[in-house]
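If you count by mature numbering (1 follows the signal peptide of the UniProt record, and there is no 0), then the sequence shown holds residues -19 to -1, 1 to 389, one letter each, in order.
Here is the structure we will look at.
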Amino acid sequence: MHPTSVLTIVLVACATVSAQLNQFAVAAGFKYFGTAVDNPGLNNQAYMNIASNKNEFGQVTPANGQKWDSTERAQGQFSYANGDAVTNRARQASQILRCHTLVWHSQLPSWVNNINGRDAMTRVLQTHIQNVAGHYKGQCYAWDVVNEALEDSGTYRNSPMYRALGKDFIPLAFQAAAAADPDAKLYYNDYNIENPGAKYNEALNIVRSIKAAGARVDGVGLQAHFIVGQTPSLTNLKTVLTGFAALVDEVAYTELDIRHPRLPASDADRQQQSRDYQTVAQACLDTPKCIGITVWDFADQYSWVPQTFPGQGDACLWNSNLQKKPAYTGLVNLFSSAAAVRASSNLDSILLDNPSSVIVLGQRLHRDGYRVQLDHPGRDGHEHRHRDRDHYGLGSAADSHIDGPLHD
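Quick look at the structure:
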């Protein structure tokens, strides 16, 4: 008769000094936590040390370098220098690349506004998408194919594409993108669709129309440019995410920032900002098809907000001196707690495989965040230790280092 084995489970889930956003977000179930990066930031080494740190950001979006005015300023003449500069840095850091954007009413070169007629605009759209998406073929996890096709009222923007083609320009763009970069996830991306309402309803119709036209749409990106104290409720955020998720394979927050409406911000304002960031993250965590969050830059010095909304700002997780704000700490704490719950729930399968006594030893600090350790005496009477973080569903953020020899 073999001695009764005792399964000892050590679950470590502590927010430590070295643990960082993407580490905890992935451990909590996200595919990534990412940031937009624009070309001016590439020359700031202190900034890039953070942006290229995969522990902080597992994904990067080129903020402007892949837009139409950067890639095809003159008709038929393509340049990828700005987009390539960001994508190359992301590749060097082994970060996921979200590509942005193929068709948008803004930041268009003037010549596009002069294109008249259905056939002419069709050729222009197809040529642009084939070249730009084709240049980045195989590099992009996802493309924001069409960006901001709707006014806040839910009506269509009077863009050159809409004037020439009506609503048909959207499925046409998705068809061209699928042909040019077949492995990329294809997204419709917009702002002010995070709350139920007319614009949200019409965005749902856009997704339906793409599919009805026989084109492929894989995801919806919700930009999430919010104001401190005015961020949608958790209930509304989840309602909208669930609505989109019913139509597509995945959803994501693609341009998150939460700006203060008045500056300077008080300590109370910064705490509210932290709560608002956590509300958005919690909505994504609670929605199975929500794969991640991208902030629209992480440092205030490169935020788009002050130029667009004078007197408002400080919307990012780091300030202009590259110091972390309470919102950063709040997100790390939220993700670490969610990761602990997720790790605990994933132990069920272990217990089914080891129907023996279970001792939960609790929490210990560990410099790399999470560890699951199984100690039990084997049939030969010697202690056996198993470490397989993927088996426990902890992902790449889990550190399964155990001192001492391991035996199979």
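Glycine is no exception: its CB is placed at the ideal position from the N, C-alpha and C atoms.
Give, in chain order, every unbroken run of the beta strand (DSSP E) that is at least 3 residues long and sits entirely within the region 21 to 72.
40 to 43
Along the chain, where does the alpha helix (DSSP H) containing residue 390 start, and where does it finish?
Residue 390 is absent from the model: the chain starts at -19 and stops at 389.
Can you give me the C-alpha to C-alpha distance between A280 and R99, rounded to a whole angstrom?
For this step, residue 280 is matched to residue 299 along the sequence shown. For this step, residue 99 is matched to residue 118 along the sequence shown. Their backbone Cα atoms lie some 42 Å apart in a straight line.
For N3, collect the residues of the same chain with a Cβ closer than 7 Å to its Cβ; drop the 5 residues on either side in sequence, then sort them by chain order.
As a position in the sequence shown, residue 3 is number 22, starting the count at 1. Answer for N3: Y13, F14, K35, N36, E37, F38 and G39, listed in chain order.
If you drop the 5 nearest sequence neighbours on each side, which residues of the same chain put their C-beta closer than 7 Å to that of H86?
Indexing the sequence shown from 1 puts residue 86 at position 105. Same-chain partners within the cutoff: E129, R138 and S140.
When DSSP labels each residue in this structure, what does R138 get in the three-state scheme?
Within the sequence shown, numbered from 1, the residue matching residue 138 stands at position 157. If DSSP states are grouped into helix, strand and coil, R138 belongs with coil.
Leaving out the 5 sequence neighbours to the left and right, which residues in its chain are closer than 7 Å to Q56 when beta-carbon positions are compared?
Residue numbering aside, residue 56 sits at position 75 when the sequence shown is read from its first letter. The residues are W92.
C297 - DSSP class collapsed to helix/strand/coil:
In the sequence shown, the residue the question calls residue 297 occupies position 316. If DSSP states are grouped into helix, strand and coil, C297 belongs with coil.
8 Å Cβ shell around R70 - same chain, five flanking residues per side excluded
Here residue 70 is taken as the residue at index 89 of the sequence shown, counted from 1. Only V18, L23, M29, A32, S33 and V41 meet the Cβ criterion.
DSSP on F207, reduced to helix/strand/coil?
Residue mapping note: residue 207 aligns to position 226 of the sequence shown, counting from 1. Reduced to three states, the DSSP call for F207 is strand.
Which ranges does the alpha helix (DSSP H) cover as unbroken runs of at least 4 residues, wholly within the region 80 to 134, from first to last along the chain?
91 to 94 and 99 to 116
Count the other CB atoms, across all protein chains shown, that sit within 10 Å of the CB of G359; report buried if there are 16 or more and exposed otherwise.
What you label residue 359 is simply residue 378 of the sequence shown in a count that begins at 1. Residue confidence for G359 is low, a pLDDT of 42 falling below 50, so the modelled location carries little weight; the figure read from the coordinates is stated next. G359 comes out exposed.
Exposure label - S247; buried when at least 16 CB within 10 Å:
In the sequence shown, the residue the question calls residue 247 occupies position 266. Per the 10 Å Cβ criterion, exposed.
Distance between P90 and A158 (C-alpha atoms, nearest Å):
Residue mapping note: residue 158 aligns to position 177 of the sequence shown, counting from 1. Residue mapping note: residue 90 aligns to position 109 of the sequence shown, counting from 1. Answer to the nearest angstrom: the Cα atoms are 20 Å apart.
Can you list, in chain order, the residues of its chain with a C-beta nearer than 7 Å to that of M142? Leave out the 5 residues immediately preceding and following it.
Start at 1 with the first residue of the sequence shown, and residue 142 comes out as number 161. Closer than 7 Å at Cβ, skipping near neighbours: V84, M102, L106 and F150.
Inter-residue Cα distance where the pair is G115 and D162:
What you label residue 115 is simply residue 134 of the sequence shown in a count that begins at 1. What you label residue 162 is simply residue 181 of the sequence shown in a count that begins at 1. Near 6 Å, if we compare the C-alpha coordinates of D162 and G115.
Which value, in whole angstroms, describes the spacing of the CA atoms of D182 and I174?
By 1-based counting over the sequence shown, the position of residue 182 is 201. By 1-based counting over the sequence shown, the position of residue 174 is 193. Looking at the sequence provided, one finds Asn at residue 182 rather than Asp. C-alpha separation (whole angstroms): 8 Å.
Cβ atoms of Q259 and L315: under 8 Å apart, would you say?
Counting from one through the sequence shown, the residue named residue 315 turns up at place 334. Counting from one through the sequence shown, the residue named residue 259 turns up at place 278. Yes, these two residues count as a Cβ contact at 8 Å.
Under 8 Å, with one C-beta from each stretch per pair, do the region 191 to 206 and the region 234 to 241 reach the 3-pair mark?
yes
Segment limits, alpha helix (DSSP H) that includes L266
Position 285 of the sequence shown holds residue 266. L266 -> alpha helix (DSSP H) spans D248 to L266.
With H, G and I counted as helix, E and B as strand and the rest as coil, what does DSSP make of I151?
Here residue 151 corresponds to residue number 170 of the sequence shown, with the count starting at 1. Three-state DSSP puts I151 in a helix.
Cα separation between L167 and V286?
Position 186 of the sequence shown holds residue 167. Position 305 of the sequence shown holds residue 286. Using only the alpha carbons, I get a separation of about 27 Å.
Does the beta-carbon of V322 have 16 or more other beta-carbons within 10 angstroms, so that it is buried, or is it exposed?
The residue labelled residue 322 in the question sits at position 341 within the sequence shown. The residue in question, V322, is exposed, as its Cβ has fewer than 16 Cβ neighbours within 10 Å.
Between A66 and the rest of its own chain, which residues show a CB-CB distance below 7 Å, the 5 nearest in sequence each way excluded?
Counted from its first residue, the sequence shown places residue 66 at position 85. So the list reads N20, L23 and G46, once near-sequence residues are dropped.
Pull up the DSSP beta-bridge partners for A231, would you.
Taking the sequence shown and counting its residues from 1, the one referred to as residue 231 is at position 250. Strictly speaking, residue 231 in this sequence is Glu, with Ala absent from that position. The partner list for E231 (beta bridge, DSSP) reads G200.
Buried/exposed call for T212, threshold 16 Cβ in 10 Å:
Taking the sequence shown and counting its residues from 1, one reaches residue 212 at position 231. It counts as buried.
Cut-off 6 Å between Cβ atoms - residues of its own chain near A319, not counting five sequence neighbours on either side
Indexing the sequence shown from 1 puts residue 319 at position 338. For A319, where only same-chain residues beyond five positions count, the Cβ hits under 6 Å are A9 and L266.
Should D295 and L244 be called a contact, given that it needs their Cβ atoms to be closer than 8 Å?
Against the sequence shown, residue 295 aligns to sequence position 314. Against the sequence shown, residue 244 aligns to sequence position 263. Contact flag set, yes.
Inter-residue spacing [alpha-carbon to alpha-carbon] between T52 and A123:
Locating residue 52 in the sequence shown gives position 71, where the first residue counts as 1. Locating residue 123 in the sequence shown gives position 142, where the first residue counts as 1. Distance between the alpha carbons of T52 and A123 is about 18 Å.
Select from T289, K219 and T235 the residue whose C-alpha is nearest the C-alpha of S269.
As a first step, residue 269 must be located in the sequence shown, where it is residue number 288. The amino acid at residue 269 is misidentified as Ser; the sequence shows Pro. Answer by Cα proximity: K219.
Can you pull the DSSP bridge partners for F14?
Mapped onto the sequence shown, residue 14 falls at position 33. Its beta-bridge partners are I274.
With burial defined as no fewer than 16 other Cβ atoms inside 10 Å of the residue's Cβ, what is the status of K48: buried or exposed?
Translated into positions along the sequence shown, residue 48 becomes position 67. Buried: at least 16 other Cβ atoms inside 10 Å.
Just how far apart, CA to CA, sit D133 and K180?
Locating residue 133 in the sequence shown gives position 152, counting from the first residue. Locating residue 180 in the sequence shown gives position 199, counting from the first residue. Rounded to whole angstroms, D133 to K180 spans 6 Å at the Cα level.
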